[in-house]
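One structure below.
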Amino acid sequence: MKHPKLKNIKLLLLDVDGVLTSGHIIYSGSDIEIKMFNVKDGLGIRLLQTAGIEVGIVTGRTSAALLKRCSDLGITMIYDGIKAKGAVFDTILSETHLQAHEVAFVGDDLPDIPLMKKTGVSIAVADAHDAVKKHADIITSRNGGDGAVREICEMILDSKDLLEKIIENCI
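Under this note's numbering, residue 186 is the last one in the sequence shown; the count climbs by one each step, no gaps.
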């Protein structure tokens, strides 16, 4: 599904818990945090990167599981342990030399709203808090951790008329 505002996106920023994951966190007996990521979301991220669209992380938590997943996907723009997500946006724009309308952010809960208000396209996952949905330009049909990121990646590629060509190259 095409969305006119997505045509200009050069950077997709993602929250983690509730967006890249279902929001569940498992702790082992030895204080190891375990997160479950969706492989389909990972492929969507790879497809964006192949098309020259950068992907970054802005999350309030820090975890080794996230750093491992980012390493596997080649995501190097990682802002973790960020309590005031809106405050980091100017730094991101400065470091990337992008304009706000070229950045999209996917969130699911209240701490995401300040960043959603600043980006060119604000996106909420289907199971996001109602207040987050009120600030979203787009609401996914899929829940966080269940293909919502893949849905957005394909929507961006489709809006840029790149999806069909990328699918053809994958087959």
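By construction, the Cβ of each residue, glycine as well, lies at the ideal position given by its N, Cα and C atoms. Quick caveat, the model's predicted, so the values are computed rather than measured.
Taking the C-alpha atoms as reference points, what is the distance between Asp30 and Pro126? On the sequence shown, position 15 is the one that residue 30 refers to. On the sequence shown, position 111 is the one that residue 126 refers to. Looking at the backbone, the Cα of Asp30 and that of Pro126 are separated by about 10 Å.
Helix, strand or coil: which one does DSSP assign to Gly57? The count along the sequence shown starts at 1 and reaches residue 57 at position 42. Note: Gly57 maps to helix in three-state DSSP.
If we call anything under 7 Å between Cβ atoms a contact, is Gly75 one with Arg165? Within the sequence shown, residue 75 is the residue found at index 60, counting from 1. Within the sequence shown, residue 165 is the residue found at index 150, counting from 1. Gly75 places its beta carbon 7 Å or farther from that of Arg165.
Residue-chain proximity (Lys98, chain C), Cβ-Cβ < 7 Å: In the structure shown, chain C cannot be found, because there is only a single protein chain.
Between the CA atoms of Leu35 and Ile138 - distance to the nearest angstrom: Looking up residue 138 in the sequence shown gives position 123. Looking up residue 35 in the sequence shown gives position 20. Their Cα atoms are separated by approximately 13 Å.
Relative to the alpha-carbon of Ile96, which residue among Asp87, Ser109, Ala119 and Ile72 has its alpha-carbon at the smallest distance? Here residue 96 refers to the residue found at position 81 of the sequence shown. Looking at the sequence itself, residue 96 is Gly, so the reference to Ile does not match. Closest in alpha carbon position to Gly96, among Asp87, Ser109, Ala119 and Ile72, is Ile72.
Option nearest Lys25 by Cα separation, candidates Arg61, Thr111 and Ala141: In the sequence shown, counting from the first residue as 1, residue 25 sits at position 10. Comparing alpha-carbon positions, the option among Arg61, Thr111 and Ala141 lying closest to Lys25 turns out to be Thr111.
Boundaries (first-last residue) of the alpha helix (DSSP H) holding Val147: Counting from 1 along the sequence shown, the entry for residue 147 is found at position 132. Asp145 to Lys149 is the span of the alpha helix (DSSP H), which, as asked, contains Val147.
Where His116 and Met51 are concerned, what is the direct C-alpha to C-alpha distance, given to the nearest angstrom? Translated into positions along the sequence shown, residue 116 becomes position 101. Translated into positions along the sequence shown, residue 51 becomes position 36. Spanning the two alpha carbons is a distance of roughly 31 Å.
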